[in-house]
Amino acid sequence: INSVRVSIAVKQADEIEKILCHKFMRFMMMRAENFFILRRKPVEGYDISFLITNFHTEQMYKHKLVDFVIHFMEEIDKEISEMKLSVNARARIVAEEFLKN
Numbered sequence: 025i026n027s028v029r030v031s032i033a034v035k036q037a038d039e040i041e042k043i044l045c046h047k048f049m050r051f052m053m054m055r056a057e058n059f060f061i062l063r064r065k066p067v068e069g070y071d072i073s074f075l076i077t078n079f080h081t082e083q084m085y086k087h088k089l090v091d092f093v094i095h096f097m098e099e100i101d102k103e104i105s106e107m108k109l110s111v112n113a114r115a116r117i118v119a120e121e122f123l124k125n
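Start counting the sequence shown at 25; every next residue gets the next number (my numbering).
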């Protein structure tokens with residue numbers, strides 16, 4: 025085996041999370057060249073894909089690659105949660121202003 029593709033689907037509990045996840049993943053895919061193992065296009069049915077080749081395992085520590093993928097996904101989950109909280113807070117403020125008038 026000379027490569028492994030790791031594809032991950034991010035949890036999307038509601039429509040807001042689906043939209044935020046889609047937009048965020050598009051943003052990340054445009055910057056895929058900055059991440060050695062991130063693919064520009066995920067496998068169908070998944071949100072993000074990594075391709076780890078034999079070259080990567082020879083040039084980098086294997087446990088660091090695993091740590092990177094795990095940390096990367098934790099950060100994405102955290103970012104999407106923060107964006108959702110921000111959208112909900114903004115929607116609440118807009119609704120309150122609308123109902124005042």
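In this text, a Cβ means the ideal position worked out from N, Cα and C, and glycines have one as well.
Query                                                                             : Result
Residues that R29 bridges to, as DSSP identifies them                             : L75
Within 8 Å, strictly: CB atoms of H12 and F60                                     : There is simply no residue 12 to check, as the chain begins at 25 and stops at 125 in what is shown.
Which listed residue (R29, D38, C45) has its alpha carbon closest to that of K102 : C45
CB-CB length for V34 against I100, believed under 8 Å                             : 6 Å
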